[in-house]
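Residue numbers (the working numbering): 52 to 330.
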């Protein structure tokens with residue numbers, strides 16, 4: 052339990068100060084979030100947000116990784132293959148979001164280079180990472196709601212890979228859509244990560260019931276993201292001084308989807324991320 056607290060606390064502190072640095076940096080170079088392009092039709096009451104610093108998700112993802120890594124100094128917690136593969140996926144998705152954000156800011160336009168193809172690219176990458184996860188770890192390849200034996204339908208691994216990819220891809224898009232209103236994406240993500248922290252830690256304490264692979268490492272990873280979102284929210288609450296951008300939305304969405312897959316709570320993701328789903 053101490054490792055879980057360490058991961059969350061360290062991530063929160065790093066995010067709190069790291070986000071402040073990003074705000075200062077982007078204001079100094081005079082770059083911010085474009086809201087509407089010339090050809091776009093949409094509500095103009097959000098135009099006052101034009102120029103607000105973006106890419107705050109860099110601080111979220113980086114802080115979560117630092118918190119997760121520092122927690123492993125605690126005796127008894129080892130780096131797991133499962134969590135490392137998840138981190139590769141999260142970082143790759145966040146990097147793609149960063150590139151999209153960079154193009155938007157550089158062109159002063161709200162559509163990045165991937166705005167038409169991003170969905171296909173992210174889904175293809177997600178399939179690749181889910182295949183890696185299935186091949187390299189003992190993750191349960193079942194269709195489940197709250198644990199592997201509920202309902203416990205074993206899926207052929209290609210079907211499971213595609214099903215898991217759909218979940219992760221859907222989560223990234225749901226968080227991406229939610230980003231834009233002050234504090235909404237970060238706040239809803241914070242609550243979702245807290246839920247997965249509890250789920251993973253409970254599975255760690257009751258291995259005979261849930262049989263998860265490395266549940267403590269999953270709990271630490273989730274707690275680190277919760278802490279990182281908490282630190283970011285200090286600056287993202289209304290009136291927002293920074294947005295998380297696609298780098299944060301894609302990174303957070305990938306983390307939530309992967310946590311649902313690895314904790315065997317596939318359909319529970321819809322309830323845990325209810326705000327994102329309704330958006």
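C-beta atoms are modelled at their ideal positions from N, C-alpha and C, and glycine is treated no differently.
CB of residue i within 9 Å of CB of residue j, strictly
i: residue 108; j: residue 234; result: no
i: residue 182; j: residue 212; result: yes
i: residue 134; j: residue 301; result: no
i: residue 214; j: residue 317; result: yes
i: residue 136; j: residue 180; result: yes
i: residue 247; j: residue 232; result: no
i: residue 66; j: residue 115; result: yes
i: residue 279; j: residue 112; result: yes
i: residue 132; j: residue 297; result: no
Status (buried if at least 16 other CB within 10 Å, exposed otherwise) for residue i
i: residue 294; result: buried
i: residue 76; result: exposed
i: residue 327; result: buried
i: residue 266; result: buried
i: residue 124; result: exposed
i: residue 244; result: buried
i: residue 89; result: Because the pLDDT at residue 89 is just 48, under 50, the model does not fix this residue reliably, and the point stays unresolved.
i: residue 292; result: buried
i: residue 289; result: exposed
i: residue 170; result: exposed
i: residue 261; result: buried
i: residue 80; result: exposed
i: residue 322; result: exposed
Whole-angstrom distance between residue j and residue i, CA atom to CA atom
i: residue 284; j: residue 271; result: 20 Å
i: residue 287; j: residue 175; result: 31 Å
i: residue 119; j: residue 156; result: 30 Å
i: residue 110; j: residue 190; result: 29 Å
i: residue 70; j: residue 104; result: 10 Å
i: residue 238; j: residue 223; result: 16 Å
i: residue 206; j: residue 185; result: 12 Å
i: residue 59; j: residue 273; result: 8 Å
i: residue 68; j: residue 208; result: 43 Å
i: residue 122; j: residue 130; result: 10 Å
i: residue 277; j: residue 225; result: 18 Å
i: residue 325; j: residue 303; result: 15 Å
i: residue 173; j: residue 188; result: 22 Å
i: residue 64; j: residue 210; result: 41 Å
Option in the options with minimal Cα separation from residue i
i: residue 168; options: 184, 182, 147; result: 147
i: residue 149; options: 212, 227, 78; result: 227
i: residue 240; options: 320, 129, 60; result: 320
i: residue 305; options: 177, 279, 282, 184; result: 177
i: residue 281; options: 246, 225, 224, 242; result: 242
i: residue 275; options: 57, 52, 79; result: 57
i: residue 117; options: 297, 225, 67, 62; result: 62
i: residue 53; options: 114, 112, 126; result: 126
i: residue 255; options: 172, 229, 128; result: 128
i: residue 307; options: 204, 74, 258, 236; result: 236
i: residue 230; options: 106, 72, 73; result: 106
Cβ pair count under 8 Å reaching 3, the segment 218-232 against the segment 309-327: yes
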